[in-house]
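Mapping of the sequence shown onto numbering that gives the first Met the number 0: residues 0 to 238, in sequence order. Beta carbons are placed, not taken as given, at the ideal position from N, Cα and C, and that holds for glycine. This structure is a prediction, so every number in the text was calculated from the model and none was measured. Beneath this line is the structure, given in structure tokens, with notes to follow.
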Amino acid sequence: MSSVPAAVPESEALIVGVLALQGDFAEHLALLGALGCGVREVRQPADLAAVDALVLPGGESTTLSLLLASSGLEAPLRRRLAAGMPALGTCAGMILLAREVLGGRPDQTCLGAIDIAVRRNAFGRQRESFECDLEVEGVAGGPVHAVFIRAPVAERLGPGVRPLAFAPVPGGGRRPVVCRQGAVTVAAFHPELTGEDRLHRLLVDDGLTARRAASGGASSGGAGDGEETAAPPQRSLAR
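Here's what the structure looks like:
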């Protein structure tokens with residue numbers, strides 16, 4: 000993983016979008032704005048076409064699935080992700096970006112941007128919400144304070160996925176709660192609720208890297224026709 004930059008250079012300011020269909024998108028917008036990059040609420044395909052990277056925030060994953068379809072965003076979002084657009088998914092966003100959802104509805108949207116199988120509400124319902132400090136591999140500056148609210152965990156990881164942090168789950172053992180594959184990072188918790196911006200800085204770093212790469216060749220912006228790759232064998236994860 001590349002190191003997280005201290006700040007976004009003014010001359011390299013990105014446009015980072017936040018999916019703003021439902022959930023706590025305002026807090027993510029505020030964190031990104033404080034980092035010095037341009038921000039945009041993403042509500043329709045034209046908004047998505049204008050951004051370099053995207054945050055998929057917490058909320059209710061089933062509702063978000065329905066809104067992605069009704070807004071016309073699902074298909075272009077799949078294409079942008081398949082073309083390599085950097086993304087950060089938190090809580091429900093982690094569920095949306097996963098390849099598979101365990102215990103979800105049959106029509107649950109899985110964007111397949113990161114090769115994991117997630118379990119919804121892995122720690123229990125709302126009353127089982129909790130906070131803890133996590134050591135996140137590759138994130139400097141000490142533990143990350145994490146707020147878990149009806150949070151998912153990763154139950155299986157594909158061979159290209161790197162688990163960066165683990166948390167204990169009911170019944171014993173530990174499961175991944177922060178994972179990364181390429182320029183896609185997912186976290187089971189809500190960093191925006193505590194003003195924790197280090198995962199957002201990582202997203203900005205990914206966005207800058209992708210834009211520099213695109214400037215030397217064909218741009219990855221806009222809608223392409225990339226297809227999701229077939230799922231390779233996965234491995235169960237427990238600690």
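*Note down, in chain order, each residue of its chain lying with its Cβ closer than 8 angstroms to the Cβ of Ala12, except the 5 sequence neighbours on either side.*
Gly35, Cys36 and Gly37
*Could you give the DSSP three-state label for Ile115: helix, strand or coil?*
When secondary structure is reduced to three states using DSSP, Ile115 falls in the strand class.
*Ends of the beta strand (DSSP E) at Pro175?*
Arg173 to Gln180
_Meets three-Cβ-pair contact criterion under 8 angstroms: the region 24-33 and the region 61-68_ = no
*Residue range of the beta strand (DSSP E) that includes Leu80*: Leu80 -> not in any beta strand (DSSP E); alpha helix (DSSP H) instead, spanning Glu73 to Ala81.
_Exposure of Thr228, with buried meaning 16 or more beta-carbon neighbours within 10 Å_ = Confidence in Thr228 is poor, its pLDDT being 38 and thus under 50, which makes the residue's placement too unreliable to answer from.
*State the start and end residues of the unbroken beta strand (DSSP E) segment that holds Pro162.*
Arg161 to Pro167
*Over the uninterrupted alpha helix (DSSP H) stretch that includes Ala29, give me the two end residues.*
Phe24 to Ala33
_Taking a contact to mean a Cβ-Cβ separation below 9 angstroms, would you say Cys90 touches Ala52 in this structure?_
no
*Name the one or two DSSP bridge partners that Cys131 has.*
Ala145
*Pick helix, strand or coil for Thr108, following the three-state DSSP scheme.*
coil
*Determine the extent of the beta strand (DSSP E) in which Val100 is found, giving its start and end residues.*
Ala97 to Leu101
*asked:* Does Val54 come out as helix, strand or coil in the three-state DSSP assignment?
replied: strand
*Should Phe188 go down as buried or exposed, given a rule of 16 or more other Cβ atoms within 10 Å for buried?*
buried
*Segment limits, alpha helix (DSSP H) that includes Leu201*: Going by DSSP, Leu201 is part of the alpha helix (DSSP H) stretching over Arg197 to Ser214.
*Would Leu133 pass as a contact of Val160 if the rule is Cβ separation under 9 angstroms?*
no
_Taking 7 angstroms as the limit between beta carbons, can you name the residues of its chain near Gly88, skipping five residues before and five after?_
Leu55, Leu95, Leu96 and Val185
*Euclidean distance between Cα positions of Ile115 and Leu80*: 15 angstroms
*Out of curiosity, what's the CA-to-CA distance linking Ile109 and Phe122?*
The displayed chain sequence assigns Cys, not Ile, to residue 109. Approximately 21 angstroms between the Cα atoms of the pair.
*Excluding five sequence neighbours on each side, which residues of the same chain lie with their C-beta closer than 6 angstroms to the C-beta of Glu130?*
Excluding residues within five positions, the ones whose Cβ falls inside 6 angstroms are Val146.
*Provide the residue(s) that pair with Ala139 in DSSP beta bridges, ordered along the chain.*
In the DSSP output, where bridge partners are listed per residue, Ala139 has none listed.
_Beta-carbon proximity check, Gly102 vs Gly57, cutoff 9 angstroms_ = no
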